[in-house]
Amino acid sequence: LINAIYFKGIWAKEFDPELTREEAFTDYQNKKGKAQMMHQTLSVAFRETEEYKAVRLPYGEGEAAMYIILPREGLGLNEFLDTLTLDKWETIIGSMVTEKIELAIPKFKMSYGVKRLNDALMRVGMEKIFYSGSLMNIMDDPRLFVEYVDHKAVIEVDEKGTRAAAVTIISIGKSAYERPKEFIADRPFFFVIRDEKSGMILFMGKVLSL
Numbered sequence: 217l218i219n220a221i222y223f224k225g226i227w228a229k230e231f232d233p234e235l236t237r238e239e240a241f242t243d244y245q246n247k248k249g250k251a252q253m254m255h256q257t258l259s260v261a262f263r264e265t266e267e268y269k270a271v272r273l274p275y276g277e278g279e280a281a282m283y284i285i286l287p288r289e290g291l292g293l294n295e296f297l298d299t300l301t302l303d304k305w306e307t308i309i310g311s312m313v314t315e316k317i318e319l320a321i322p323k324f325k326m327s328y329g330v331k332r333l334n335d336a337l338m339r340v341g342m343e344k345i346f347y348s349g350s351l352m353n354i355m356d357d358p359r360l361f362v363e364y365v366d367h368k369a370v371i372e373v374d375e376k377g378t379r380a381a382a383v384t385i386i387s388i389g390k391s392a393y394e395r396p397k398e399f400i401a402d403r404p405f406f407f408v409i410r411d412e413k414s415g416m417i418l419f420m421g422k423v424l425s426l
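My numbering numbers the first residue of the sequence shown as 217 and each following residue consecutively.
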């Protein structure tokens, strides 16, 4: 049994490829490298604390969104993730407000290589599927059983979006000009792709290097 997941982000508001340029990216080992950074200024849900910045980028008509969490400079991503509890996650997404943001995030493609999940599934009580006759409720042959379960996940993020999206991003009007806040993901960050209706996390990962 092989379970493959492929997700390609289609933004509600696309990035202009002409604004994408090679810029510095510092990886988790503090090594300086280069990344293709996508840029745009837009109004989106945003949260900033002394510990992190977080931004919500909707896909399509808003049924799903990518949340990107960027720890403050000097705080390692893994160190931050060690403190990320369910309550903290819910606080992050529940406290976001619409802000005008100067956004820069890298194009990236990640592949989580094939991993055998037999041991993990057995630890959560699914050991019976690996025994002969365990599939009788869906197949008639008593000799059949699950030999192994492999998992592979791929995600690709680039400038592309849907021009026909029904999502309208509303900017908060102010009487005087205020410089947009910055969200520059030029160092390791954590991302979550979430179904906005159910709250279910569809995919998550961390970008440590490019």
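Virtual Cβ for every residue (Gly too), placed ideally from N, Cα, C.
Note that this is a predicted model, so its numbers are computed, not measured.
Can you name the residues that DSSP bridges to residue i?
i	result
residue 316	259
residue 305	According to DSSP, residue 305 bridges with nothing at all.
residue 289	DSSP, once it has assigned bridges, lists no residue as partnering residue 289.
residue 399	319
residue 273	282
Using a 10 Å radius around the Cβ and a threshold of 16 neighbouring Cβ atoms, would you call residue i buried or exposed?
i	result
residue 416	exposed
residue 408	buried
residue 373	buried
residue 251	buried
residue 384	Unreliable positioning characterises residue 384 in this predicted model, as indicated by a pLDDT of 22, which lies under 50. The coordinate reading is nonetheless provided below. So residue 384 counts as exposed.
Using a Cβ-Cβ cut-off of 6 angstroms (strictly less than) and excluding sequence neighbours within five positions of residue i, which residues of its own chain qualify?
i	result
residue 296	287
residue 399	269, 271, 317, 319
Are the beta-carbon atoms belonging to residue i and residue j less than 9 angstroms from one another?
i	j	result
residue 280	residue 426	no
residue 259	residue 325	no
residue 243	residue 403	yes
residue 255	residue 273	no
residue 228	residue 290	no
residue 420	residue 322	no
residue 275	residue 226	yes
residue 401	residue 270	no
residue 262	residue 422	no
residue 230	residue 375	yes
Determine, for residue i, whether the minimum Cβ-Cβ distance to residues of chain C falls below 9 angstroms.
i	result
residue 234	Protein chain content of the structure displayed is limited to a single chain, and chain C is not contained in it.
Quick one: what's got a C-beta closer than 7 angstroms to residue i's C-beta in the same chain, skipping five residues either side?
i	result
residue 406	285, 293, 297, 422
Once you ignore the five residues that flank residue i on each side, which residues in its own chain have a CB closer than 8 angstroms to its CB?
i	result
residue 247	425
field: Minimum length 3: unbroken beta strand (DSSP E) runs contained in the stretch 224 to 248
entry: Qualifying beta strand (DSSP E) stretches, in chain order: 237 to 242.
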